[in-house]
Structures are given as C-alpha cells and as structure tokens.
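Trainee: Residue numbers (my numbering), protein chains in the order written: chain V, 1 to 109; chain G, 110 to 1047. Before we start, here is the structure in question, set down as structure tokens.
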Amino acid sequence: MEVLIALAIGILTACGVYLVLRARTFPVVLGLTLLSYGVNLFLFAAGRLAVGRPPVIAAGSPGYTDPLPQALVLTAIVIGFAMTAFVIVLAIKARSELGNDHVDGSHGP
Amino acid sequence: MNLPLAVLAPFLGALLVAWVSRRGTNHAAWAAAGVTLATLALLAPLLPAPFAGHTVIQRLTWMPSVGLDLGFRLDGFGMLFALMILGIGLLIVLYARYYFSERDPLGRFYAEMMLFMGSMLGVVLSENVIQLLVFWELTSLSSFLLISYWPQREEARRGSRMALTVTGAGGLALLGGLLILGQIAGSYELTDILAAGDRIRAHPLYLPALVLILLGAFTKSAQFPFQFWLPNAMAAPTPVSAYLHSATMVKAGVFLLARLFPALSGTPEWLVLVGGTGLATLLVGAVIALFKHDLKGLLAYSTISHLGLIAMLFGIGTPLSALAGVFHIINHATFKASLFMAAGIIDHETGTRDMRRINGLWRTMPHTATLAMVAAAAMAGVPLFNGFLSKEMFFTEAVGVSERMDLGWLVPLAVTVAGVFAVAYSLRFIHDVFFNGEPVDLPRSPHEPPRWMKVPVEILVAICLLVGMLPALTVEPILAVAAQGVLQGPLPPHDLAIWHGFSPAFAMSLLALAGGGLLYLGRRPLFRLHTHLEGRLETRKVYDWLVAGLFGLGRWATDRVDTGSLQRMLAVFFCSALVLGAAGLWSDLSLDGGRAGLPPDGVSLLAALSLGTVAVLAAAWHRRRLTALLLVGAVGLVVSIAFVKLSAPDLALTQLSVEVVTVVLLLLALYFLPQESPPEPGIWRHARDLALAIGAGLGAAALAWGVATRPLDSIGDYFLTNSVPGGGGANAVNVILVDFRGFDTLGEITVLAIAAIGIYAMLDRLRLPAPERDWTGRAWDSDVHPVVLAAFARILLPLALLVSVFVFLRGHNLPGGGFIAGLVTAVALILQYLANGVSWTNDRLPGDLHPTIGAGLLIATLTGLGSLVLGYPFLSSAHGHVHLPLLGDLELASAMAFDLGVYLAVVGATLSILIHLGLLHRGSHNPDAHAAAGRETD
Chain V
1 MEVLIALAIG
11 ILTACGVYLV
21 LRARTFPVVL
31 GLTLLSYGVN
41 LFLFAAGRLA
51 VGRPPVIAAG
61 SPGYTDPLPQ
71 ALVLTAIVIG
81 FAMTAFVIVL
91 AIKARSELGN
101 DHVDGSHGP
Chain G
110 MNLPLAVLAP
120 FLGALLVAWV
130 SRRGTNHAAW
140 AAAGVTLATL
150 ALLAPLLPAP
160 FAGHTVIQRL
170 TWMPSVGLDL
180 GFRLDGFGML
190 FALMILGIGL
200 LIVLYARYYF
210 SERDPLGRFY
220 AEMMLFMGSM
230 LGVVLSENVI
240 QLLVFWELTS
250 LSSFLLISYW
260 PQREEARRGS
270 RMALTVTGAG
280 GLALLGGLLI
290 LGQIAGSYEL
300 TDILAAGDRI
310 RAHPLYLPAL
320 VLILLGAFTK
330 SAQFPFQFWL
340 PNAMAAPTPV
350 SAYLHSATMV
360 KAGVFLLARL
370 FPALSGTPEW
380 LVLVGGTGLA
390 TLLVGAVIAL
400 FKHDLKGLLA
410 YSTISHLGLI
420 AMLFGIGTPL
430 SALAGVFHII
440 NHATFKASLF
450 MAAGIIDHET
460 GTRDMRRING
470 LWRTMPHTAT
480 LAMVAAAAMA
490 GVPLFNGFLS
500 KEMFFTEAVG
510 VSERMDLGWL
520 VPLAVTVAGV
530 FAVAYSLRFI
540 HDVFFNGEPV
550 DLPRSPHEPP
560 RWMKVPVEIL
570 VAICLLVGML
580 PALTVEPILA
590 VAAQGVLQGP
600 LPPHDLAIWH
610 GFSPAFAMSL
620 LALAGGGLLY
630 LGRRPLFRLH
640 THLEGRLETR
650 KVYDWLVAGL
660 FGLGRWATDR
670 VDTGSLQRML
680 AVFFCSALVL
690 GAAGLWSDLS
700 LDGGRAGLPP
710 DGVSLLAALS
720 LGTVAVLAAA
730 WHRRRLTALL
740 LVGAVGLVVS
750 IAFVKLSAPD
760 LALTQLSVEV
770 VTVVLLLLAL
780 YFLPQESPPE
790 PGIWRHARDL
800 ALAIGAGLGA
810 AALAWGVATR
820 PLDSIGDYFL
830 TNSVPGGGGA
840 NAVNVILVDF
850 RGFDTLGEIT
860 VLAIAAIGIY
870 AMLDRLRLPA
880 PERDWTGRAW
890 DSDVHPVVLA
900 AFARILLPLA
910 LLVSVFVFLR
920 GHNLPGGGFI
930 AGLVTAVALI
940 LQYLANGVSW
950 TNDRLPGDLH
960 PTIGAGLLIA
970 TLTGLGSLVL
980 GYPFLSSAHG
990 HVHLPLLGDL
1000 ELASAMAFDL
1010 GVYLAVVGAT
1020 LSILIHLGLL
1030 HRGSHNPDAH
1040 AAAGRETD
C-alpha cells in the first residue's frame, strides 16, 4: 500500500509540476490543483497508512490512526479551494486587463 | 499593575485622540493632554517607592518556558525619564496646538505623538531587555511617522527614511548585543543582568556584546559617525524636534548607556569606545553648530555635541561622572527643548529659519528674546544657569580622567575647545537672531506669538534658572534617586554648589567663555573657510554611497535572477528544490525505513492505476481545457476514495464536497478564458519541463516512501487520549479542529474570508466579453435552465440541508463537522443557482453574503473569548451531555458554537466566491441583462 501511495504522490507531483510550468493561466491552475492533491496525500501519509482504524473513539475499536495529519489536511483542502478560487479569478482579471491569458501577460492573445 | 497600564495608556490614547480629532483641533489637543495626565496619574501612586530606595517590578506572564515575560520596572532612573517624557510631552501638547496652522492635520500629529510617548515609556520602564528592544524599535517607527508629518516635502521624506534606516540598523545590532548579553547573564531580566556585571565583563563575548549594544546606542543618540541623520530629521515640525530630537528619543541611546552602566562599564574598552566616541561627537557637533545658518540646524548640531558630552561622562565610568551625566540629561532636556520651541516661534513669526535673514528681533519680540537668551546662556554654560553646573562637573571629570592615561592632558584641552565653540554658537544664536542690525526681507513681519505658545517655554526656562541658582533645593532629590538607579548602589559624595573655589574646572569654564567670545568676534574668516570646505567632510556621503550601493547590488541581483518570466522563475525554483532535495536524499543511508507496510489489494491497485492514468492524461491533454478539467475532477474523486479506504472519513467527505465546488468554479471561470491553449513552441523547453516534472515526481515519491515506511512517534496519541475527557468529542479530528488547535482553525477560516472578499473586490464592476459560441462553433443552448434539473434541484434542497444539519450535529463524535456541513450546504445552494438561475435564486436568498462570513468569524472569535473571560486559555471548550429525541445522546460542547462559526464562514465564503463569478456570467452572457446586473451587483 505504501508503494501505491508513494507512486500516486509522485505521479500527481510530476503532472502538477509539468502543468504549472505551462505558459497559460488555466493549465497552471489545474497544475496547482494536482500539486495540492499530491501535497495533501503526502501530509496525510506522514501519519502512516492504516485501514479500518478511523480516529473516532469507540469501544471495541482495533486502534486508531494518527488524527493530527488528518486535521491539518482537512483545513488544507478547504484553504486550497479558496486559493484556487483566488488564483483563477486573478487569471480572469488578468485576461481582462491585459488582453491575453499568458502567465507573463506580455504575449499575444 | 499600574506600570503596564501606564505604558499601554498612550497607545490606547492614540486611538482615542485620532477618533476625537474628527470633532476639531481643540478636541484632539485636550484629548492628548488628558491621555498624558492620565498616564501620569497611573504612575503617581508608585512614585514614592524609588524615593524610598525600592525598585518596583511588575510582571505579566507570557511565555515563561522561553524566558519571555512582560516585565516592567520603575527605579529612580526610569522614573526620571518617565517624568521627563510625560512632563515635556504635556508642554509640547500645548505648544503644538499653537504651532500648527489650520491646514495641518493636528489629530494625526497628536495620535502619532501618543504612539511615540507610549513607546518611549516602554523603553524606560522595561525590565525585560528584549521587551525594551521592541519598544526601542517602536520609537524608531513612530519617529519615522512624526518626521514625515508633511509627506509632501521631499526633505521630510528623505529625512525620515534616513532616520529610520540608521536607527533601525542600530536596533538590529542592539538586538544581537542584547541576545549575547542575555546569554552571558543567563537571563533577560535587567535585575539579573545588572547584578552580573563582573561575570559579563570577564566573559570572552563581552567585547562583541559591547560593540553591538554601543552601535544601537550610538545610532540612536546620533553619536559620531552616525550623527548625520539628526540634522536631516529637522525636516520634522518643530514640536517634534523639541520633543523627540532633543529631549527624549535621542536620549534613549544615552539612557541605554546609563541603564547598562553597572553591567558593562569600568573596562578599558568601555572607556575608549564610549568616552572616545563621546569626545569626538562633542567636538564635531560643537564645531559644525557654529557654522549652521539654519536656526534648527545649529540646535541640531548643538544637540549632537551635548549628547556626545553625556556619552563621554558615562564613558569615563566613575560614579561621580555617571551622576554628572544624569544631571546633564536633565539640564539639556530643559534648555534644549525650550530653545527648539523658541526657534519654532521665530520660524512661525518670521516665516524663515535662516539666521542670515533673521536679525534684530529684540525690538519686535522682546519677551521671546529674553526667554531664548536665558536658555542659550544655560546651553553655553554661563554661571547661575543650570548648564553651568553640569558642565563644571564635566570639566572636573575630564581633568580627573586625564590623570589616568598617557597623553591625558589632551582631554581637558579638547573639552575646553568644545566649550569654546559651545559658547560661540550660543552667542551666535543670541546675537545673530535678536540683534545684529535689521532683518533682511522676511516673509512675514514678526510680532510676539499667542500667549499660550510661550507658556511651555517660560516653564522650562524657569526650571533652568531655579536649578541653576538653587540646585540643592530643586534638583538634588530627584537627581540623587536617578543616579542611584543608574549606579544600582550608594551615591558618591557630591556637592551641587555653584561656587567650588578656583578649581581647574572653573578656569576651564572661564577660558571657554572668554575664548567663545573671541571666536565669535573673529567668525567671519572662519565662515569663509567653512564655505570653502563645506560638503567635503560629511559622513552622510558615506551613508548615501552605502545606500546607493546596496540598492544597486539589489537591482543587479534581481535582474540576474528575475527576468519577468513566471515560467523561468518556476523552472529555477523547481531546479533548486530538486538539487536540494536530491542532496538530502543522498546523504540518508536508507530510503526504506523498515516499518512493516500494509499489503496492497486489487481494488487499491486499480484505484492507483486509474489515478495515475487520469492524471497523466490531464497533463497530456491540457490544451483541451474542458477535458483536462474534467480529468482533474476525476483525480480528486479517486483521492477522496483513497481517504475512505485509509481510515480518513472526514477527509473523504471534505475532499468530495470541495471537489464538486472546485469543478463548478473552474467551469464558470473557463467560460471567460480561451477554451484551448495555443501550442507552445520549443522542443527543448518541453523536454526541460518534462525532465523537471519527472524529477519532481521521483523525488516526491521517494520522500513519501521514506516517510511512510518509517516508524511513527507522534503527538497524535495525546489527542486520542484526551479527545473524549478533554474535548468532549469522540471524533478526534473534529476535536482537534475546534478545540485543541482551534486557534489554527480560526486563522484558516479568516483566510477563507479574506479570499472571498478579495475575489469580490477583483470582480466588482468587472465586465467581460463572453464567447457567443463554444469552441466547436456551436451556439449555446437556448434552454439555459432545463425544467427537469430545476424541479429536482428544488426537491433536493431541503433534503441536502437536512443532511448538512445532521453532519454538523454529529460532527463532534462521528465524521462530520462545521467544515463538511458548510460545504454540503454550499453545494446544495449552488445547485439552486445552477438549476434555476441567479435571479430566481437571489430573489429567495440573501444576495449579500458578507454578513454571513462576518457572523461566522465573530461567533468563532467570541466563543474563544468566552473561555478567556471564564479564566481558561483562548478557545478552551466546555461540554456537557444533552439528550435529544431522535438524535440521541448529544454532546453539547461550547466547541459546537465555534463549529457553527466555522460553518457560517465556510458557507458564506464558498457561496460568495461562486455567486460573484456567476453574476459576472449573467452580465456578459446576455447584452440586455447588462443593466440589470449592474443594478444588482452595485
């Protein structure tokens, strides 16, 4: 399972980085989204992987996984949404002001 | 707890003054005076203690684990400064009321002055030296604001920048010095540091600490070679110069010398560095002052010279010289503040400060002239005025120190020369301004200023005279306690009499008076020489050169790295991250941590495979944006499934709902962006990006593998153990969010709110052209809101809301909570907008969501404050059980109120972001709707 998660994180990071390096705003935002999936999974995996051990206290539970990374990732997901929204609106604003959607704002439409 | 309150009062007072000033200038002045008096009243009950030989120390615990407490200290020396700051401050408040014209924003002046007053009180009343440094920096900042009071003037902007740069750089050095000092003494409390003098002086790090601390003190007190900022700060209004740049702030440097006197003084290094710098400053300031044609320029250099004198007294290092230093601090504050005020009156009345034009004012302003002449006589050190007494002591000390060193006779000679120049520039101030023929084409015809403008000067001049003639009756008691505060021990025998018999010091005084008179008579050839030399020997040029060099270096370095291309910057960034990360991985011996992993199963394998495929396809097909977006959405779904599998139900729910919102958001946004990306030229660039991406992916995978296979030693157990007994909830994740780490959550919903408001601000009044057709050339569907979808959505709404209430209520014990419930609600409402259109939905829902966001933040903050009121740390939770029908045993914790705040903030922010993007849509989609949309959004 650890291999699979590590590979998933690697692929998400690779695709995210590739998209972030593109010249137009929309792919960059998609790349950031993919990167944040990768980062969230990584933070989550830092609490180690466990199956069937949710951190909800209950009698007869076989044990619990670490709740702290989960709490961190939960807020990170929500903040990630806010930042994605902010960046994409910035992209719209930039296109309306500059007339093109190039990340440097200095190229033809 | 009067001391912390007294320091806090002016800061609060600044707000009060700024608020009151809207009602008029007089209100602001009265408020400022009231604040100053209130601060004095707070200190008053503590004043007897220093006289009785006690040091008052009051502490507020802050971070005891790292030695950071807020500590305040009132001993004789601190008391002297506090009284000077408040007393002269009061006079300045009165004076400034008449100095400024109707056009000047007086409320701002008074508010900034209160800020400064509070900062300065903080410096002189701090027990903890780090805290002292914080207030020290605050004085630099408030002084920056005050110097640039007339920001439209170029010299004010330059002067304030220069003062901030020099004193700020000194503050940085001081921080380093104080940290070393604290490490040597083992404590940052002044009491401990002052008691550890012998250990500090014997320590190998004594010299670095001393040099750094002195850099701070010397820059603040305008000692040579840092003196240049003070004359440039004269661009400030004269009340500021009188208050900050003569009586108080520049004294902070010598205050520090005196404060740390028992800990640092008494070594040869101290004598050479402090005494030598003081002597150099004394001479340089006195000589230059004579040649300044600007009234305030003369006073500024004279101030530099006197600060040098005080520094030298502390540098000499005997108990008696320290006492003389304290005495001169008092005397200089009184006569120099009154001289500045007199200069301000003259500027106010004549419209100029150029002494080549101001002449013969004795006829038109006899009263002001008398006052200024008395103060100038004190500055020159004429007998019967207060300056004479401390100068006599200074001369005595100079003679004393000359016996302790080789070539010591140079010291009395040099200080006598400085005395000669001091007499000469004082004479010039009197003779050039009030006599010396007729005024030369003044902008205004001078006459006496308003009655109340002279009162502060009169009070200060009266003090000069009283202290000068009856020192033992007037100044002796406070001088004695203040000097005891400096020495932290018994006072040396001293005698404040005017007449000590014919001593060498008296001879030096006579020599200075006579020589000064002669020098002034023969000034004309010297002035010519000075005009010839002017501008060649200025340390300001070194400063300008340094600043220009730093800016040049900065620009050069930025130009090398930043070409203005985001792609290139990111490539550099990823490259550096890769290199650093690879270096880190290399040094570790084994990537595999050896922890037994979970066996993979078929479903997980399938999920990972699909996630990889979809992500790679999204990257490969990124130019077809809609396709890429849908694929990214699919990746998000697989990630949420992974969370389900790996024991993170809360994360799965959050990811799922965020995914929905994100995809809707990006779809809305895509409408306004090109539907396809143009091809990017350059095979080499693609290859580079691909290599970077693969490298980053491999690195991330290796890192994840390394982390996930290592044994875990986590603080998570603490949360699991304390979740139920401490937080009253079984869902540890939710308890962490709303209780243990509630402060973080509060910060996060605040960020969410800021993002929502930022987006609102960016979209406000934005009008965009929208495509008539989609990218394949088809026209948009005319059926914008399909009936079936609309009907289903309306039925779904109550169900979805019910689900979100359920998720919210059970969140403390089972997966759920404010974040998830908020997102579910937001999704349900967004569905209404999508299905029924903005106008239909807006008619039925409150259109303005900012109150909802605000209410959420307010509830969350108030819940936290509630626990503070009850005496618990911020955001601690209280809980109890309530049994409700249907829902069962419900844990009703105060954390639930906090979670409600989270819920409201999330709903408000999410909806606000999407609705404003949606409104933008409507304004552009249909030309007829432009006007209507404009009405609604405005």
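Glycine included, C-beta positions come from ideal geometry on N, C-alpha and C. Source: prediction; values computed, not measured.
1. Beta-carbon of Ser61(V) versus every beta-carbon of chain G: anything under 8 Å?
2. Below 7 Å CB to CB, which residues in the same chain sit around Phe849(G) once its five sequence neighbours on both sides are set aside?
3. Taking Cβ-Cβ distances shorter than 8 Å, what residues in chain V pair up with Glu789(G)?
4. Figure out for me which residue from Ser414(G), Arg553(G), Pro599(G), Gly626(G) has the closest Cα to the Cα of Ala523(G).
5. Looking only at its chain, what residues have a beta carbon closer than 8 Å to the beta carbon of Leu905(G), apart from the 5 residues adjacent to it on each side?
6. Return the residues of the segment 4-15 of chain V that lie within a Cβ-Cβ distance of less than 8 Å from chain G, sorted by chain order.
7. Can Ala318(G) and Leu366(G) be called in contact, C-beta distance under 8 Å?
8. Work out the CA separation of Leu241(G) and Val233(G) for me, nearest whole Å.
9. Among the candidates Ala278(G), Leu156(G), Lys500(G), whose CA atom is the shortest distance from the CA of Leu321(G)?
10. Could you confirm whether any beta carbon from chain G is found closer than 8 Å to the beta carbon of Leu19(V)?
11. Does Ala1038(G) have its Cβ less than 8 Å from a Cβ in chain V?
12. So, are the CB atoms of Ala616(G) and Ser535(G) less than 8 Å apart?
13. Short check: CB of Asn111(G) to CB of Leu179(G), under 8 Å?
14. What is the rounded straight-line gap between the Cα of Val744(G) and the Cα of Leu720(G)?
15. Within 10 angstroms of the Cβ of Val56(V), are there 16 or more other Cβ atoms? Answer buried if so, exposed if not.
16. For Asp653(G), which residues of its own chain have a beta-carbon under 6 Å away from its beta-carbon, when the five flanking residues on both sides are left out?
17. Alpha carbon to alpha carbon, how far is Glu264(G) from Ile397(G)? Give it in angstroms, no decimals.
18. Measure the beta-carbon distance from Asp101(V) to Arg95(V) and round it to whole angstroms, keeping in mind my assumption that it falls under 8 Å.
19. Give me, in chain order, the residues of the same chain whose beta-carbon lies closer than 8 Å to that of Ile79(V); leave out the 5 immediate sequence neighbours on both sides.
20. Residues of the segment 867-892 of chain G in Cβ contact with chain V at a cutoff of 9 Å, in chain order, please.
21. So what does DSSP say about Ala191(G), is it helix, strand or coil?
22. With DSSP collapsed to three states, give me the class of Gly825(G).
23. In this structure, how does DSSP classify Leu234(G) when only helix, strand and coil are distinguished?
24. Tell me, please, whether the CB atom of Pro783(G) is closer than 8 Å to any CB atom in chain V?
25. Between which two residues does the alpha helix (DSSP H) carrying Leu738(G) extend?
26. Please confirm whether Phe828(G) has its beta-carbon closer than 8 Å to some beta-carbon of chain V.
27. Would a check of beta-carbon distances place Leu32(V) closer than 8 Å to chain G?
28. Can you give the beta carbon distance from Ala481(G) to Ala451(G), rounded, assuming they're within the 8 Å contact cut?
29. Could you compute how far the alpha carbon of Thr885(G) sits from the alpha carbon of Val893(G)?
30. Using 10 angstroms around the beta-carbon of Glu80(G), count the other beta-carbons present and answer buried if the total reaches 16, otherwise exposed.
31. Using the rule of at least 16 other Cβ atoms within 10 Å of the residue's Cβ for burial, across every protein chain shown, is Ile792(G) buried or exposed?
32. Using 8 Å as the Cβ pair cut-off and three pairs as the minimum, do the segment 80-89 of chain V and the segment 1017-1033 of chain G touch?
33. Can you list, in chain order, the residues of its chain whose CB lies under 7 Å from that of Thr412(G), leaving out five sequence neighbours each side?
34. Pro960(G) versus chain V: which residues are under 9 Å apart at the beta carbon?
35. Roughly how many angstroms lie between the CA atoms of Asp663(G) and Ser269(G), to the nearest whole one?
36. For Leu608(G), count the other beta carbons within 10 Å of its own beta carbon; 16 or more makes it buried, fewer makes it exposed. Which is it?
Mentor: On the basis of the supplied data:
1. Using a CB distance cut-off of 8 Å, Ser61(V) does not count as an interface residue toward chain G.
2. Closer than 7 Å at Cβ, skipping near neighbours: Phe828, Gly836.
3. Those are Arg22, Ala23, listed as they occur along chain V.
4. Measuring from the Cα of Ala523(G), the nearest candidate turns out to be Ser414(G).
5. Around Leu905(G): Ala937, Leu940.
6. Within the segment 4-15 of chain V, the residues whose Cβ lies closer than 8 Å to some Cβ of chain G are Leu4, Ile5, Ala6, Leu7, Ala8, Ile9, Gly10, Ile11, Leu12, Thr13, Ala14, Cys15, listed in chain order.
7. Not in contact: Ala318(G) and Leu366(G) (Cβ atoms no closer than 8 Å).
8. Straight through space, the alpha carbons of Leu241(G) and Val233(G) are spaced by roughly 8 Å.
9. Comparing Cα positions, the closest option is Ala278(G).
10. A Cβ of chain G is located within less than 8 Å of the beta carbon of Leu19(V).
11. No answer about Ala1038(G) holds up, because its pLDDT of 43 lies below 50 and its placement is not dependable.
12. The answer is no: Cβ separation not under 8 Å.
13. Not in contact: Asn111(G) and Leu179(G) (Cβ atoms no closer than 8 Å).
14. The alpha-carbon separation between Val744(G) and Leu720(G) amounts to approximately 6 Å.
15. Flag for Val56(V) reads buried.
16. Answer for Asp653(G): no residue qualifies.
17. In a straight line, the C-alpha of Ile397(G) is about 20 Å away from that of Glu264(G).
18. Taking C-beta atoms under 8 Å as the contact rule, Asp101(V) and Arg95(V) qualify, at a distance of about 5 Å.
19. Sequence-distant partners of Ile79(V) (beyond 5 residues in either direction) whose C-beta falls short of 8 Å from its own C-beta are missing from its chain.
20. Taking 9 Å as the Cβ-Cβ cut-off against chain V, the residues of the segment 867-892 of chain G that qualify are Gly867, Ile868, Met871, Leu872, Leu875, Arg876, Leu877, Pro878.
21. In this structure, Ala191(G) counts as helix in the three-state DSSP scheme.
22. Helix at Gly825(G).
23. The answer is coil: DSSP assigns Leu234(G) none of H, G, I, E or B.
24. Closer than 8 Å: yes.
25. Unbroken alpha helix (DSSP H) run through Leu738(G): 734-754.
26. For Phe828(G), the nearest CB of chain V lies under 8 Å from its own CB, placing it at the interface with that chain.
27. Output row for Leu32(V): interface = no.
28. About 4 Å separates the two Cβ atoms, so the contact holds.
29. Linking Thr885(G) to Val893(G) through their CA atoms gives a straight-line distance of about 19 Å.
30. Any property of residue 80(G) remains undetermined from this structure, which presents chain G solely from 110 to 1047.
31. With fewer than 16 Cβ atoms within 10 Å of its Cβ, Ile792(G) is classed as exposed.
32. The segment 80-89 of chain V, when compared against the segment 1017-1033 of chain G, does touch it at the 8 Å Cβ threshold.
33. Once the five neighbours on either side are set aside, the close Cβ partners of Thr412(G) are Leu339, His354, Ser355, Val359, Lys445.
34. By Cβ distance, chain V contributes nothing, its closest Cβ being about 19 Å from Pro960(G), past 9 Å.
35. Just to set this straight, residue 663(G) is Gly in the shown sequence, not Asp. Each residue's alpha carbon lies about 22 Å from the other.
36. The identity of residue 608(G) in the sequence shown is Trp, whereas the question assumes Leu. Exposed, because fewer than 16 other Cβ atoms sit within 10 Å of the Cβ of Trp608(G).
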